[in-house]
Amino acid sequence: NADHYYFMKTDAAIGAFPDDVTDGKLWEAFRSVKNDPHGKIMAYLDAADEVLNEYDPETPAAPAGSGGGLSVPANIALTDSGKPTVVDRAGLLSSSEAEALSNRLKEIGSAYRCDVIVATVDSLGAKTSEAYADDFFDYNGYGYGATPDANGTTVNGDGILLLISMEDRDFAISTSGYGITAFTDYGIQTYLEDRFLPYLSRNDFNRGFLAYADACEYLLKTAREGIPYDYRRVFVDGWTDAELLSHNDRAESVAEQYDVGIYFLESPAITDANAFLNDFIENRTFEVNTVVLVHGANGYSIRTSGAIAGAKFPNETLTAIAGAVEPYLKTGDTKGALNAYMDKCIAIVSDYGHVLADGAISEDARSNGNIRLKQLFEQYGVALYFLYDAEVSDPNALAKSFLDGGTVYEGNAVVLGANRNGSGVAVRGDLAKEKFSDKRIAKLVKEVDANLSGGSVGGALDAFAERGESILNWKPVNWFTFTLAAIAGLLFGFIPVNSMKRQLTDVSKQTNADPYLKPNSFVLTQNSNVLLNKHLSRSVHVIREDSSGGPRGGGGGSSFHGGSSTHTSSSGGSHGGHSGKF
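Numbering (my numbering), first residue to last: 111 to 692.
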């Protein structure tokens, strides 16, 4: 019909009319004739006649299990069920390139029990690239572990197929069975496609297909280890999407608010938790700053990445977190371990922690001080730290060692160190140094020291915050610009006003409006003062944009929560994947 075509062949006809002939020569002959139904049929029959004239029935047909109508060059490696791993109908690869690629795909498919296929065609005919890829997979009998029916069709076998069509430069990835699990929407669109599409766009097809093979191997490896490459920050092998959803939403909100990713990953298929954790941080985290716990069959491992996460989670803090989580892990209580881990991490991430007073002030004062210093940092971009240690002998050395010790992660920071008798300041960053000159620091220290000498550490903290805000709010005056603007203002104001004044020749200055009021023309009989009140209430309406086609980008929110979206093919099989142009 106008939208689709389909060839059906008996077993005896498959040898003469493999798929590359019917979809190639016969279909092209049929569709080459326009607006002449009889001519289209005759062109189709003429092409079939040519094929039959060249066909030698004594030549054995493709062996059973080789993919039915797929012609299989002798140098192409087959899947474990006997299907060609490379079908290059568009002729994009040399014989040696196709052979090397097929061997690589065969190796990956056998190792991870999942067919990995590449197919190229000149045209999609009337089909979409998605439908063509799904049908190519099903009707040619692909899928590890699947049993073909009487027509050679398989449904829901394990595999992934990359199809490209050269006519309009379409590509489609079709996944089936375990392939849907291993190749998530996020994994396909942010890892797999990023690795092979740049080559295809440059017509470097051999390197593109090899990059596709390498990426498939990595994604299958991570999936077989129990943690598919996905958007999720929390993943427990065996938990349903519904069980994972609330934990991932919680981790997502923390990442959006504090720019620190909290990850918890558990799978009995992970044999080396430390190696898996290192690979995960290198290849699969979204933020620069992360804290990741991986639990596998032989134990667990926890570590951080990024300066902010490293400062908030020093070794002793990670040890404390491990101590809280380990009892649950030992008893197999994953839910308890996850809740303890998330609670500890969120408490640490959300604590600004820039006031360290060693118990010299109340917890409320410390918390309020942190809130105020955080607000100043968000407004001015300079972090302020207040350190009090009654036993330290040199407050200047205390401030400098803290600033240089790796705990301060901001580029622009001011650290005030204090003891019972006085304080000292250390500064880092161009903006902080511009604001906190030696003269201003001297005034700051004088105000802080006045409170310290009176025994009020809380007063010293308040003085530090108040004077710090005053300094941060200071802006240098450009006197040249100011003078130039003043002169320009006087000139542009004086000239037009003086010009208008010169035109006023018959008026005099009046002190009130009475001369302009016609006598008895306005009588005021009643007056009162009325205060107009207006109460304005505001509420925030948060709009989260859905991204049904893939994962979120940048730091914005999304309804994407991981896993694979699926659809049903014409054969009734369930497929995942993605399609587009290259």
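Think of the CB as a built atom: it goes at the ideal place given N, C-alpha and C, for glycine as much as any other residue.
Close CB contacts of Arg342 within its chain, under the 8 Å cut and outside five residues either way in sequence, are with Leu354, Asn358, His671, Gly672 (chain order). Within the stretch 495-548, the alpha helix (DSSP H) runs of at least 4 residues that lie entirely inside it are, in chain order, 505-514, 540-545. By the C-beta criterion, the stretch 507-515 is judged not to be in contact with the stretch 482-492, since fewer than 3 inter-stretch pairs fall below 8 Å. Contact between Val228 and Tyr165 is ruled out by a C-beta separation of about 27 Å, above the 8 Å threshold.
Nearest Cα to Gly532 within the set Asn506, Lys549, Thr517, Val525: Asn506. Around the CB of Val398, fewer than 16 other CB atoms lie within 10 Å, so the residue is classed as exposed. Using a Cβ distance threshold of 8 Å, Tyr498 and His464 do not count as a contacting pair. Nearest in C-alpha terms to Glu501, of all of Ala528, Gly235, Gly297, is Ala528. Leaving aside the five residues that flank Tyr254 on each side, the residues in its chain whose CB is nearer than 8 Å to its CB run, in chain order, Thr189, Asp190, Ser191, Gly219, Arg223, Cys224, Asp225, Gly267, Asp268, Gly269, Gly287, Tyr288. In the DSSP secondary-structure assignment, Pro194 is bridged to Leu188.
Looking at the DSSP output, Leu272 bridges to Val228, Ile283.
The three-state reading of DSSP puts Arg413 in strand, counting E and B together. Here Val398 carries a coil assignment [DSSP, helix/strand/coil]. Secondary structure of His685 (DSSP, three-state): strand. At a Cβ-Cβ threshold of 8 Å, Gly568 and Ala475 count as neighbours. Under the three-state reduction of DSSP output, His148 falls in the helix class.
Membership of Val364 in the alpha helix (DSSP H) is indicated by the continuous run 351-368.
In the three-state DSSP reduction, Thr132 falls in the helix class (H, G or I). Ile481 and Thr591 have their C-alpha atoms roughly 37 Å apart. Glu362 and Leu234 have their C-alpha atoms spaced approximately 41 Å apart. Ser689 sits away from Asp295, with the two beta carbons spaced by 8 Å or more. When the beta-carbon positions are compared, Ser181 and Val231 stay at least 8 Å from each other. Nearest C-alpha to Asp468 among Arg530, Ala432, Leu428: Arg530. Look at Thr591 here: in three-state DSSP terms it is helix. Taking Ala153 as the centre and dropping the five residues before and after it, the same chain places the C-beta of Ala139, Phe140, Ser142, Val143 closer than 7 Å to its C-beta, in chain order. Ranked by Cα distance from Leu541, the first of Ala430, Lys553, Glu520 is Glu520. Taking the Cα positions, Glu335 is about 5 Å away from Ala379. Excluding its 5 nearest sequence neighbours in each direction, Tyr242 has C-beta neighbours in its own chain below 8 Å: Val231, Leu234, Gly235, Leu273, Ser275, Ala282, listed in chain order.
Ser680 places its beta carbon 8 Å or farther from that of Val265. Look at Leu180 here: in three-state DSSP terms it is coil, with no helix or strand label. Around the beta carbon of Leu571, a 10 Å sphere encloses 16 or more other beta carbons of the protein chains shown; the residue is thus reported as buried. Under DSSP, Ile372 forms a beta bridge with Val401. By the Cβ neighbour-count rule, Arg279 is exposed, with fewer than 16 other Cβ atoms within 10 Å of its own. Ranked by Cα distance from Gly433, the options Tyr451, Gly420, Glu240, Gly442 are led by Tyr451. For the 8 Å CB-CB criterion, Ile418 and Val402 do not form a contact.
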